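Going left to right, the sequence shown walks through residues 3 to 413 as my numbering numbers them. Here a beta-carbon is modelled for each residue, glycine too, at the ideal position from N, C-alpha and C. Bear in mind the structure is a predicted one, so any value in this text is a computation, not a measurement.
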Amino acid sequence: MLKDVDNEIYTALINEEEKQRNTIDLIPSENIVSKNVLKLMGSIFTNKYAEGYPGKRYYGGCKFIDEVENIAIKRACILFGAEHANVQPHSGSQANMSAYFSVLKPGDKILAMDILSGGHLTHGFKINFSGIFYQSVFYNVDKETETIDYEQVREIALKERPKMIVCGASSYSRIIDFEKFYDIARESGAYLLTDIAHIAGLVVANLHPSPVHLADFVTSTTHKTLRGPRGGLVLCRREYSHKLDSSIIPGIQGGPLMHIIAAKAVAFKEAMTPEFFEYQKQIINNCQKLCVELKKRDYRIVSGGTDNHLFTIDLRNKGLKGNECERTLEKVGIITNKNLIPYDPQPPAITSGLRIGTPLATSRGMKENDMELIAEWIDETLKNRENEKILKDIAKKVRRFAREFPIYPTS
Ligand code: DSN
């Protein structure tokens, strides 16, 4: 028993389980996997080395491993309508790295959304590998609308002539117009990489336009709205399949995590069901309702609202900072994360924003009326942040409420 062998880790596990049950988690990149996905992540597939690809491994004994990876690849292609899929990236960062390595050389130029506007570390941030290996130039959201200014992207692309344009974000609540990015990439002679890590589930459910028929490479994580195991995925056109596969192994990875690939296969199957479509619709409904309820309470939302699973609150009119709100909300059992707002005057460790998302709460079965309650608790908590007694009362209510929603409603 784990408890007897390693009581410290056992205790942390039990505490984390309890915390997950007792809190409302509004971090937009987190979710709860099904029991089957969870089971495979802890399965004996982890015992097997399988460097290479199905039918071309550097190890014997891969018969069943090959079956698993072939199924995962086939399902990923069907799910997204892709010509080729690689299911081996250990993470979204490695998915992006492999897409860059497929067609770029060190020193090439990439154009991506600035992290200050909602982009990701691996989109050319100066101290990330992507900013170290490549020359990065950035586009930002418009100061007024706080949405992507496609004309600005076009102008920068034509002036800078990047080898690759990257679109997709970690904190952007509006529909991304992949057609426009495609046109800009064509006009400026750049490859197009779309990183759909956050919105993959919405794309599968047709609730966000798909970039798959437009982009040269589509990268994703599998654990956010897609609700699979923690990991990465790359889709591309058949013409890049060899380059992509060899950029993953031998390029940047060794042995694939076969227990994770098996879990990805199951998650892809789950994502093909009508229930998954309903789930994605509910994520958006919940997110929009929570946004409206917070606006009623005079919270300013970046870009004025949301079309997807997340939004960012601009806390400046309340005289608050992201870090203190994250801390205070955690005290009552509401888990969020501080986030930069566009053109944020605060540094990343403080921030003027709080990022909020509904994929995990929706997986637990929460609906629009629950969002009203949550908005009220967020507001009451932030208004009474100095009042320990009120915070304790809210914490009790949050705990009671959270426990009404089991962790595994979908399995
Ligand atoms: N860390 C992820 C997120 O929270 O958006 C992106 O990698």
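Cβ atoms of H92 and Q255 come within 8 Å of each other, at about 6 Å.
Residue environment analysis places V7 among the exposed positions, since fewer than 16 neighbouring C-beta atoms fall within 10 angstroms of its C-beta.
Take the alpha-carbon of D197 and the one of E390: they are about 42 Å apart. Around the C-beta of L312, 16 or more other C-beta atoms lie within 10 Å, and the residue is accordingly described as buried.
Within a 10 Å sphere around the beta-carbon of Y242 sit 16 or more other beta-carbons, which makes this residue buried. Those residues whose C-beta sits under 6 Å from the nearest heavy atom of the ligand DSN are, from N- to C-terminal order along the chain, S31, G94, H122 and S172. Within a 10 Å sphere around the beta-carbon of N98 sit 16 or more other beta-carbons, which makes this residue buried. Only residues of its own chain outside the window of five on either side were considered, and among them S100, F103 and S104 have a CB closer than 6 Å to the CB of S249, listed in chain order.
A distance below 6 Å between beta-carbons, with the five flanking residues on each side excluded, links S119 to the following residues of its chain, in chain order: N142, V143 and P344.
Here DSSP, grouped into helix, strand and coil, assigns L259 to coil. Relative to the Cα of R366, the nearest Cα in the group P347, E32 and K165 belongs to E32. In this structure, A265 places its C-beta atom within 7 Å of the C-beta atom of L42. In the DSSP assignment, M115 falls within the unbroken beta strand (DSSP E) covering K111 to M115. Per DSSP, reduced to three states, the secondary structure at C64 is coil, with no helix or strand assignment. The beta carbon of E71 sits closer than 6 Å to the beta carbons of P56 and I263 from its chain, once the five residues preceding and following it are set aside; these are given in chain order.
DSSP, read as helix, strand or coil, puts F313 in strand. In this model, R59 and A404 are separated by some 46 Å (Cα to Cα). Distance from the CA of V268 to the CA of A363, rounded to the nearest whole angstrom, comes to 21 Å.
One alpha carbon belongs to P276, the other to T223, and they sit about 22 Å apart. The count of Cβ pairs closer than 8 Å, one atom from the region 284 to 293 and one from the region 70 to 86, stays below three, leaving the stretches out of contact.
DSSP, read as helix, strand or coil, puts D197 in strand.
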